[in-house]
Amino acid sequence: MRQLPPCPQCGSQYTYEDMTMLVCPECAHEWAADAVDEGIDEGRVITDANGNPLQDGDTVSVTKDLKIKGSSSVIKVGTKVKNIRLIDGDHDIDCKIEGVGAMKLKSEFVKKV
Ligand SMILES: [Zn+2]
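So the number in my numbering is just where the residue sits in the sequence shown, counting from 1, plus 12.
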C-alpha cells in the first residue's frame, strides 16, 4: 500500500482514494490524486538517451547491449520494451522484457519509440 498525503485543507491523516480523487472524510475536501501518483519525486522528469521525457506506458528501445546481472544473457541493442514504468532510483525504469522477464533499466540507455 502506498502512503496517502494528509488533507491539504485540514491536515487530516484519514484521507482515502475514490477513483482518481483523494477525499478527506473530516472536511469533505476532494482533490486530484495525480500529483501523488507513482513513486517518483514530484516534478522529476525522466528522459531517454535523446533527452525526450518518458512516461509510464511508453515503449522504448535499448540503445546499447546491456548485460543482465547474474546471468550470461544480454539485452541486445534495439530490443523493444513495452509499457515501461518509471520508478525512483539509480535504475529508473521498471519493465518486462519478452524472453527475459522483469527488469530494471537506466533511462540513459533507452530511447522512446
Ligand atoms: Zn480535510
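Beta carbons: idealized from backbone N, C-alpha and C, even for Gly.
Short note on GLY23: C-beta closer than 8 angstroms to some heavy atom of ligand 1.
Within the chosen limit of 8 angstroms, ligand 1 reaches the beta carbon of GLU38 through at least one heavy atom. Relative to ASP68, the option among HIS41, LYS88, ILE99 and VAL125 whose CA is nearest is ILE99.
Note on the segment 55-116: there is no whole alpha helix (DSSP H) run with a minimum of 4 residues. Taking ILE80 as the centre and dropping the five residues before and after it, the same chain places the C-beta of VAL86, ILE87, VAL112 and MET115 closer than 8 angstroms to its C-beta, in chain order.
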